[in-house]
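*Asks:* Here it is, the structure in full.
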Amino acid sequence: ALIGDPRVAVLDELTTGLDPQARRETWGLIEGVREHGVTIILVTHFMDEAQRLCDRVALVDHGRVVALDTPEGLAERVRGGKLVRFTPSAPFNDGLLTALAEVRSLEHQGERVAVYGSGDLVNAVILTLAAAGVTALNVELGAPSLEDAFVDLVGGAEVGDEPQGASGEVRP
91 ALIGDPRVAV LDELTTGLDP QARRETWGLI EGVREHGVTI ILVTHFMDEA QRLCDRVALV
151 DHGRVVALDT PEGLAERVRG GKLVRFTPSA PFNDGLLTAL AEVRSLEHQG ERVAVYGSGD
211 LVNAVILTLA AAGVTALNVE LGAPSLEDAF VDLVGGAEVG DEPQGASGEV RP
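Okay, so the sequence shown: first residue is 91 according to my numbering, each after it adds one.
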């Protein structure tokens with residue numbers, strides 16, 4: 091795809107079947123080609139690959155673009171843009187947190203709890219738990235991933251739904 095010094099290269103499932111080392115080396119090659127001004131159209135099912143290599147991502151479901159934005163923009167749109175993971179010191183009622191205006195969703199991940207939301211999410215979660223006598227242990231802060239965005243946006247899309255652009259506007 092790169093013979094003849096092209097301006098645009100379409101790479102379809104380029105790293106499928108590669109071991110982690112070969113995959114990372116391939117990513118390095120793609121990044122090098124991009125730095126030389128080549129536009130890369132990358133088709134991949136690996137969200138970590140798209141997050142690392144792409145400036146813009148189109149999420150496609152059943153042959154239709156469901157969302158188009160930067161990887162960060164897609165992740166921020168989905169679950170409020172913020173993530174707090176912690177291990178609770180004691181069991182608690184999920185409703186304590188899901189009732190907060192800052193909280194968009196809550197997931198149990200084994201012993202850990204992941205809370206997605208916006209605004210002053212960290213303080214809201216920690217203070218609410220503390221008021222209920224629960225301590226948030228091993229707190230990790232982060233952001234939803236492109237994979238989270240894919241699951242939320244594509245998983246909920248129905249065939250025939252209109253695709254949405256970066257600002258949420260419907261695109262034909």
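We put the CB at the ideal spot given by N, CA and C, even for glycine.
(1) Identify which residue in 169, 152, 145 and 170 has its Cα closest to the Cα of residue 158.
(2) Would you decide whether residue 220 is buried or exposed? Buried here means 16 or more other CB atoms lie within 10 Å of its CB.
(3) On the DSSP bridge assignment, give the partners of residue 195 in chain order.
(4) Keeping to the same chain, check which residues put their C-beta closer than 8 Å to that of residue 117; ignore five residues upstream and five downstream.
(5) Grab me the residues of residue 100's own chain with a C-beta within less than 6 Å of its C-beta, minus the 5 sequence neighbours each way, in chain order.
(6) Would you mind reading off the limits of the beta strand (DSSP E) that contains residue 232?
(7) Below 8 Å on the Cβ atoms is my guess for residue 177 versus residue 201; work out the distance and round it to an integer in Å.
(8) Which residue marks the beginning of the alpha helix (DSSP H) containing residue 116, and which one marks its end?
(9) From the DSSP output, in three-state form, read off residue 151 for me.
(10) Kindly indicate which three-state DSSP category residue 216 falls into: helix, strand or coil?
*Replies:* This is what the structure gives:
(1) In the sequence shown, counting from the first residue as 1, residue 158 sits at position 68. Minimum Cα distance to residue 158 is reached at 145.
(2) Position 130 of the sequence shown, counted from the start, is the residue given in the question as residue 220. The residue is exposed, with fewer than 16 neighbouring Cβ atoms inside 10 Å.
(3) Within the sequence shown, the letter at position 105 stands for residue 195. Paired residue(s): 206.
(4) Here residue 117 refers to the residue found at position 27 when the sequence shown is read from its first residue. Cβ neighbours of residue 117 beyond the five flanking positions: 105, 139, 142 and 143.
(5) Residue 100 sits at position 10 when you count from the first residue of the sequence shown. 131.
(6) Position 142 of the sequence shown, counted from the first residue, corresponds to residue 232. Note, residue 232: beta strand (DSSP E), 226 to 232.
(7) Mapped onto the sequence shown, residue 177 falls at position 87. Mapped onto the sequence shown, residue 201 falls at position 111. The pair is a contact, with the Cβ atoms about 5 Å apart (cut-off 8 Å).
(8) The count along the sequence shown starts at 1 and reaches residue 116 at position 26. From DSSP, the alpha helix (DSSP H) with residue 116 extends over 110 to 125.
(9) Position 61 of the sequence shown, counting from 1, holds the residue named residue 151. Correct three-state label for residue 151: strand.
(10) As a position in the sequence shown, residue 216 is number 126, starting the count at 1. Helix.
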